[in-house]
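Numbering (my numbering), first residue to last: 2 to 192.
First up is the structure itself, then whatever we jot down about it.
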């Protein structure tokens with residue numbers, strides 16, 4: 002048993018779905034399976050068609066191709082795509098970046114200055130945030146000073162960094178006129 006889908010030519014609407022023994026028997030005598038059958042106003046298909054069309058070359062009923070759906074207004078092209086009328090193909094151009102918008106008339110991606118400025122602002126804010134985090138991370142690491150194979154570790158805070166007396170006492174402790182080597186360590190004892 003097979004289902005045959007009958008369509009009105011004028012509207013391309015499926016009007017009946019009779020069950021037949023074989024497609025061949027339906028072709029021989031369609032009125033036996035569908036009494037209202039009319040060869041001039043109806044076509045049939047062995048499959049249910051969402052977007053039926055009659056093929057201009059062979060007169061057969063078939064599903065529309067993507068290009069035909071676009072021409073009929075049943076499908077809208079995505080941004081970055083256009084219909085090449087000469088070759089009857091859909092051409093897709095990849096979006097080059099986040100701040101480009103599709104120009105349907107020229108079939109090109111164009112820079113949207115508002116989107117570009119928004120993206121630049123986001124990047125600037127992220128860079129400033131990352132810099133602030135890196136600075137905070139660096140500033141909160143202990144200071145390690147080495148003199149004659151002896152290591153001296155100090156808390157690296159604003160008070161100690163800004164205190165001249167700390168610097169003077171470091172130099173006095175190390176018995177030198179200048180600090181020779183300073184390292185900043187993180188929690189994992191890495192510079």
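Virtual Cβ for every residue (Gly too), placed ideally from N, Cα, C.
query: For a test of the three-state rule: what should DSSP assign to residue 71, helix, strand or coil?; result: helix
query: Report the start-end ranges of each beta strand (DSSP E) in the stretch 14-58 that is 3 residues or longer and not cut off at the edges.; result: 15-17, 43-46 and 53-55
query: Helix, strand or coil for residue 61 per DSSP?; result: coil
query: Suppose the cutoff is 8 Å on Cβ atoms and the five residues either side in sequence are ignored; what does the same chain contact list for residue 91 look like?; result: 67, 68, 71, 78, 82, 83, 84 and 85
query: So who's on the other strand from residue 9, going by DSSP bridges?; result: 43
query: May I ask you to report which of helix, strand or coil DSSP gives residue 145?; result: strand
query: Can you say whether residue 21 is buried or exposed, counting buried as having 16 or more other CB atoms within 10 angstroms of its CB?; result: buried
query: Is there contact here, the stretch 17-34 with the stretch 50-69, by at least three beta-carbon pairs under 8 Å?; result: no
query: Output the distance between the C-alpha atoms of residue 104 and residue 75, rounded to the nearest integer angstrom.; result: 21 Å
query: Measure the beta-carbon distance from residue 157 to residue 142 and round it to whole angstroms, keeping in mind my assumption that it falls under 8 Å.; result: 6 Å
query: Given a cut-off of 8 Å, decide if residue 10 and residue 16 are closer than it, judged by their beta-carbon atoms.; result: no
query: Is residue 100 closer than 8 Å to residue 127 when the C-beta atoms are compared?; result: no
query: Considering Cα atoms alone, identify which of 52, 47 and 89 is closest to residue 12.; result: 52
query: Please classify residue 27: is it buried, with 16 or more other beta-carbons within 10 angstroms of its beta-carbon, or exposed?; result: buried
query: So, is residue 45 buried or exposed, given that buried needs 16 or more other C-beta atoms within 10 angstroms?; result: buried
query: Can you look up residue 131 in the DSSP assignment and give me helix, strand or coil?; result: helix
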